[in-house]
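Enquirer:
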Amino acid sequence: MQRGAKIYVAGHTGLAGSAILRALARAGQSNLVLRRHDELELTDARAVAAFFERERPEYVFLAAAKVGGILANDTYPAEFIRENLAVQLNVIHEAWRAGVKRLLFLGTSCSYPRDCPQPIKEEYLLSGPLEPTNRAYAVAKVAGVEMCWSYNRQHGAKFLAVMPTNLYGPGDHYDLRNSHVLPALIRKIHEARRNGEPQVTLWGSGRPRREFLLSDDMAEACVFLMRLPEAEFDRLVAPAQSPLINIGAGEDQSIAELAALVADVLGYRCEFVYDASKPDGTPRKLLDSARIMALGWKPGSTLRQGIALAYQDFLRRFEAKRGAAA
Numbered sequence: 000m001q002r003g004a005k006i007y008v009a010g011h012t013g014l015a016g017s018a019i020l021r022a023l024a025r026a027g028q029s030n031l032v033l034r035r036h037d038e039l040e041l042t043d044a045r046a047v048a049a050f051f052e053r054e055r056p057e058y059v060f061l062a063a064a065k066v067g068g069i070l071a072n073d074t075y076p077a078e079f080i081r082e083n084l085a086v087q088l089n090v091i092h093e094a095w096r097a098g099v100k101r102l103l104f105l106g107t108s109c110s111y112p113r114d115c116p117q118p119i120k121e122e123y124l125l126s127g128p129l130e131p132t133n134r135a136y137a138v139a140k141v142a143g144v145e146m147c148w149s150y151n152r153q154h155g156a157k158f159l160a161v162m163p164t165n166l167y168g169p170g171d172h173y174d175l176r177n178s179h180v181l182p183a184l185i186r187k188i189h190e191a192r193r194n195g196e197p198q199v200t201l202w203g204s205g206r207p208r209r210e211f212l213l214s215d216d217m218a219e220a221c222v223f224l225m226r227l228p229e230a231e232f233d234r235l236v237a238p239a240q241s242p243l244i245n246i247g248a249g250e251d252q253s254i255a256e257l258a259a260l261v262a263d264v265l266g267y268r269c270e271f272v273y274d275a276s277k278p279d280g281t282p283r284k285l286l287d288s289a290r291i292m293a294l295g296w297k298p299g300s301t302l303r304q305g306i307a308l309a310y311q312d313f314l315r316r317f318e319a320k321r322g323a324a325a
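Laid out in structure tokens, this is it:
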């Protein structure tokens with residue numbers, strides 16, 4: 000990915016996409032094509048076809064997706080599968096038609112089977128049943144991986160699929176109903192401290208184990224992969240194998256341990272109460288990231304450092320807005 004190359008980042012305003020923009024800027028890439036959702040509806044096949052015909056980007060980062068936590072996935076499965084399938088179908092197909100040199104598609108670690116051996120290797124995809132609460136989203140993302148592989152096999156494309164672990168960081172939503180566990184924890188514990196509440200209620204048992212990666216570390220991994228020399232990149236997208244590579248931190252912790260760490264970073268001592276009537280989700284989800292680490296990438300932040308950065312983002316974006324409204 001040469002300096003000055005024309006790059007399209009789909010979903011550049013989201014958590015993953017905005018982090019990729021920052022990573023590209025750090026890498027000296029400035030010839031970027033960007034469209035907000037109100038400027039380009041990626042579920043609209045004609046609009047996407049016209050965009051690629053007009054802009055002809057050389058490289059594409061497909062970070063656009065409808066995302067959410069357990070509640071959102073379980074409540075709106077039709078929206079999750081329909082919108083994600085449509086976006087992937089349109090962008091991947093039109094990228095091929097426009098002659099894009101390299102495309103990187105962001106999948107999701109929840110696409111792996113619910114009861115996978117740990118840590119999870121790339122070859123475990125489609126080896127068992129999915130977690131029911133996010134099956135629709137997971138199936139859509141599996142289809143995206145398969146699309147990349149299919150276009151590589153049939154058309155000689157160079158489309159890479161990455162499987163990031165659970166992401167968090169600047170640009171997150173911190174929504175109590177629809178966000179992932181870590182941003183929701185930040186908001187819950189912050190509000191408990193602000194209101195002087197001694198207890199914080201969490202979903203499930205607190206026993207499931209999760210791996211978390213700062214969005215900026217994930218973005219550095221994506222740019223690192225897209226800038227690999229031709230021979231190394233070609234090995235990753237060789238038609239005979241799935242073009243899938245994990246991106247993770249290499250360690251996990253229980254939800255109970257995570258909650259304690261977030262409370263410590265936020266400087267608030269509280270008791271955690273677990274609501275067993277709510278689902279736990281997948282028991283454990285730790286990726287085997289040996290392949291990308293063997294190429295020379297590794298995370299740049301510890302979980303504690305990342306939570307501190309995310310909390311500063313929360314204060315800047317949400318508490319400042321709340322204070323202004325008051």
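Residue 0 is where the sequence shown starts when you use numbering that gives the first Met the number 0, and the numbers rise one by one after that.
Beta carbons: idealized from backbone N, C-alpha and C, even for Gly.
All values reported here derive from a predicted model rather than from experimental measurement.
What whole-angstrom Cβ distance do Thr63 and Gly143 have, given they're in contact under 8 Å?
Expert: Strictly speaking, residue 63 in this sequence is Ala, with Thr absent from that position. Going by Cβ atoms, the distance from Ala63 to Gly143 rounds to 11 Å, so no, they are not a contact pair.
Enquirer: With C-beta atoms as the reference, is Ala97 less than 7 Å away from Phe50?
Expert: Result no, Cβ atoms of Ala97 and Phe50 do not sit closer than 7 Å.
Enquirer: Does Thr132 come out as helix, strand or coil in the three-state DSSP assignment?
Expert: Thr132: helix per DSSP, three-state reduction.
Enquirer: Going by the CB atoms, is the gap between Val32 and Tyr7 shorter than 7 Å?
Expert: Contact flag set, yes.
Enquirer: So, at 6 Å on beta carbons, what are the nonlocal neighbours of Ser178 in its own chain, with the 5 sequence-adjacent residues on each side left out?
Expert: Excluding sequence neighbours, Ser178 sits near Gly68, His172.
Enquirer: Restricting to runs no shorter than 3 residues, where is the beta strand (DSSP E) found entirely within the stretch 204 to 285?
Expert: Counting only runs of 3 or more, we get 211 to 213, 243 to 246, 270 to 274.
Enquirer: Who are Ala160's beta bridge partners in DSSP?
Expert: Answer by DSSP bridge pairing, in chain order: Phe104, Leu243.
Enquirer: Would you mind giving the Cβ-Cβ distance between Arg134 and Asn165, rounded to the nearest angstrom? I have them listed as a contact below 8 Å.
Expert: Not confirmed; about 17 Å, so no contact.
Enquirer: Over what stretch of residues does the alpha helix (DSSP H) that includes Ala310 continue unbroken?
Expert: Note on residue identity: the sequence assigns Tyr, not Ala, to residue 310. That run of the alpha helix (DSSP H) goes 302 to 313.
Enquirer: Does DSSP put Ala9 in a helix, in a strand, or in coil?
Expert: Of the three classes helix, strand and coil, the one that applies to Ala9 here is strand, per DSSP.
Enquirer: Hey, would you say Ser17 sits closer than 7 Å to Gly170, going by beta carbons?
Expert: Taking 7 Å as the Cβ cut-off, Ser17 and Gly170 qualify as a contacting pair.
Enquirer: Which residue from Gly295, Phe223, Ala307, Glu196 puts its Cα closest to that of Gln1?
Expert: Looking at the Cα atoms, Phe223 is the closest of the given residues.
Enquirer: Taking the continuous beta strand (DSSP E) assigned at Thr200, which residues delimit it?
Expert: Looking at the DSSP string, the run of the beta strand (DSSP E) that includes Thr200 is 198 to 202.
Enquirer: Less than 7 Å between the beta carbons of Ile254 and Gly305, yes or no?
Expert: Result no, Cβ atoms of Ile254 and Gly305 do not sit closer than 7 Å.
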